[in-house]
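Residue numbers (the numbering used here): 1340 to 1523.
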């Protein structure tokens, strides 16, 4: 698993580099019409990348991992890289870039990718919860938190009105805060 963790770390480092390069381009440009939603989405992606790495680094077994067992991890790595590359605009045209328009034009793609990352991670946490608990009440207390963000991700996939986008981001923030409490 150690070699797999090194590979995962490198691939996630590339994803973070995509996002930071696009952020740098936006900050340095004088032709950006800023809007809160897209930078906040980029922050969510960065936190998701970090949380995923944290989860993988938490594996305590020293047993080798088969290619078949690694493929679900590879799936998430690919989607996280696509998310990071699209989290912020990678080009600023001569007319500049409007981040509100960028968000609205790309929201289904972005939140669709986010859903493709979230579902396997949520399924994994539900499996971990089942293994660590001995009663349904304990299991539900540990795993039920994965269902709430799913509702907000679906809301954000469809939401066009900014107040609904704000509600979705606020609701999804609780998940990120929960992820931040998980320890290695």
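Think of the CB as a built atom: it goes at the ideal place given N, C-alpha and C, for glycine as much as any other residue.
Three-state class that DSSP yields for residue i in the structure shown
| i | result |
| --- | --- |
| residue 1525 | Residue 1525 falls outside the range modelled here, since the chain spans only 1340 to 1523, and no answer is possible. |
| residue 1472 | coil |
| residue 1460 | helix |
| residue 1378 | helix |
| residue 1362 | helix |
| residue 1367 | helix |
| residue 1402 | coil |
| residue 1454 | helix |
| residue 1498 | coil |
| residue 1520 | coil |
Proximal residues to residue i (C-beta, below 6 Å), its chain only, five neighbours per side dropped
| i | result |
| --- | --- |
| residue 1501 | none |
| residue 1514 | 1488 |
| residue 1486 | none |
| residue 1393 | none |
| residue 1484 | 1517 |
Cβ pair residue i, residue j closer than 9 Å
| i | j | result |
| --- | --- | --- |
| residue 1379 | residue 1491 | no |
| residue 1416 | residue 1354 | yes |
| residue 1504 | residue 1495 | yes |
| residue 1409 | residue 1466 | no |
| residue 1351 | residue 1391 | yes |
| residue 1449 | residue 1372 | no |
| residue 1377 | residue 1453 | no |
| residue 1419 | residue 1388 | yes |
| residue 1444 | residue 1361 | no |
DSSP bridge partner residues for residue i (one or two, in chain order)
| i | result |
| --- | --- |
| residue 1437 | 1372 |
| residue 1432 | 1435 |
Nonlocal neighbours in the same chain, by C-beta distance under 8 Å from residue i, ignoring five residues either side
| i | result |
| --- | --- |
| residue 1434 | 1370 |
7 Å CB neighbourhood of residue i in its chain, flanking five on each side removed
| i | result |
| --- | --- |
| residue 1358 | 1381, 1384, 1385, 1423, 1426 and 1427 |
| residue 1364 | 1431 |
| residue 1482 | 1464, 1465 and 1468 |
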